[in-house]
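Offset between the sequence shown (1-based) and the numbering used here: plus 40. Ideal Cβ positions, reconstructed from N, Cα and C, are used throughout, including at glycine. Below: the structure, in structure tokens.
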Amino acid sequence: MKSSILIIYTGGTIGMKTDAETGALIPFDFSAIYEEFPSLKRLNVDIEVQTMSPVIDSSNVTPDNWLTLARMIRDNYARYDGFVVLHGTDTMSYTASALSFLLEDLAKPVVFTGSQIPIGVLRTDGRENLITAIEIAGARDGDRPIVPEVSLYFQNRLFRANRTTKRSAEALSAFRSNNYPPLAEVGVNISYIRPAIMQPEQIPSDPTRLRIADHLADDVAVIKLFPGMTEQVLRAMFSASNLRAVVLETFGAGNAPTTPWFIEVLQEAISRGIFIVNITQCGSGSVSMSLYDTGLRLQKIGVLCGHDMTTEAAVTKLMYVLGKGLSAEETYRLLSRPLRGEFTL
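Structure follows, in structure tokens:
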């Protein structure tokens, strides 16, 4: 039995091809995908395409775009076995992380991909990324999908979406997942790393329906510490109007200055109801707030440990949880535990 796949094109480099007459890059017509890529007919899938209107440059993506994309998947959930989302690479990890939280009882594959080179260029990486993403979205064990979570496929590797970050503006292996293993390695065959793949905690009572969140908070900030940051600058950052949460990128294993004014600024912010999540600004590794005195001080005043979360996951998780409008205690509880495999305890 063929799997049915919906491709959702949101914009980005992958959707461009060279005009034969002018040589300029023009939008690719994904509705004619079988004409452009006849080899897709050999896959055991039926493909349909929808294009987000208007398409977006990924540098302009907003939480409203994420909510629109979540609704598109929800509204088509019963008709398809899997989804492939084509997205610009610059903010793909943010969008894919956001969707991992927004799609609350997901039990089907949602695979993000894109390209560094336009799909209409001879050397494009988009062709292989697209074809393999479609194959992964349609892969099944009997009547169950192999990868029923939000993932990101790029250059021969499939990652959990909310564990990724863009690592290079030029390399074809544009994304990395330093703190979590790939869900699949792709060579001659697709080798799935099954223990790494997240399965639904419970099968929905109605597998044709998808529950999604309908609101994201946008009053979140990211503060990256650096030697020489002054009290005046930090206070200005925390004094932003309507600020509700901060992702604090600290040094090493979650370390920060121990000067009294620094702790005082954070403590004052927490007393005003601002949630602060501590993540490391290192490319890999985890925050351990019980390892050094500075971490213990942060923990004591109520700073949340972000463990090995990426900035992308921390930002979008805060937007998602704060968007629920819960009590401070329930918000703290949800922020303190992994919801979609976004960090390792």
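Distance CB(residue i)-CB(residue j) smaller than 7 Å
i, j, result
"S137", "A64", "no"
"E75", "L46", "no"
"E352", "Y193", "no"
"V355", "T371", "no"
"G122", "K81", "no"
"R284", "V305", "no"
"N229", "D259", "no"
"N105", "I96", "yes"
"E144", "R312", "no"
"A293", "L331", "yes"
"T204", "S213", "no"
"S328", "N219", "no"
"V85", "S43", "yes"
"I159", "F68", "yes"
CA-to-CA distance, residue j to residue i, given in whole angstroms
i, j, result
"E210", "Q156", "7 Å"
"L358", "R180", "33 Å"
"L344", "P300", "19 Å"
"Y120", "P267", "51 Å"
"N295", "K206", "24 Å"
"L109", "T102", "11 Å"
"V287", "L338", "13 Å"
"V150", "T270", "43 Å"
"Q272", "I341", "20 Å"
"R373", "Q307", "19 Å"
"T290", "G381", "22 Å"
Cβ-based neighbour list, residue i, same chain, cut-off 7 Å, excluding 5 preceding and 5 following
i, result
"G363", "A253, H255, L256, A257"
"S99", "D130, T131"
"S231", "A224, E225"
Own chain, CB closer than 6 Å to residue i, minus 5 neighbours either side, in chain order
i, result
"F383", "H347, D348, M349"
"T298", "T334"
"Q90", "I48"
Three-state secondary structure (DSSP) of residue i
i, result
"Q272", "helix"
"L358", "helix"
"R203", "helix"
"T131", "coil"
"N282", "coil"
"I157", "coil"
"Y49", "strand"
"T58", "strand"
"N169", "helix"
"G381", "coil"
"A211", "coil"
"P103", "helix"
Close beta carbons around residue i, own chain, < 8 Å, minus the five adjacent residues each side
i, result
"R163", "I157"
"P222", "R197, L198, F199, I233, A236"
"A368", "G313"
"L83", "I171, I174, E175, G178"
"L375", "F315, V317, L344, K357, L358, V361"
"S79", "I171"
"T248", "Y117, A118"
heavy atom of the ligand MG below 6 Å from residue i C-beta
i, result
"V273", "Among the components of this structure there are no ligands whatsoever, and the ligand MG is therefore not found."
Should the stretch 170–190 be regarded as contacting the stretch 306–319, the criterion being three or more beta carbon pairs within less than 8 Å? no
Cβ contact (3+ pairs, closer than 8 Å) linking the stretch 231–245 and the stretch 257–265: no
Would the stretch 118–128 and the stretch 51–59 be scored as touching if the rule is three or more Cβ pairs under 8 Å? yes
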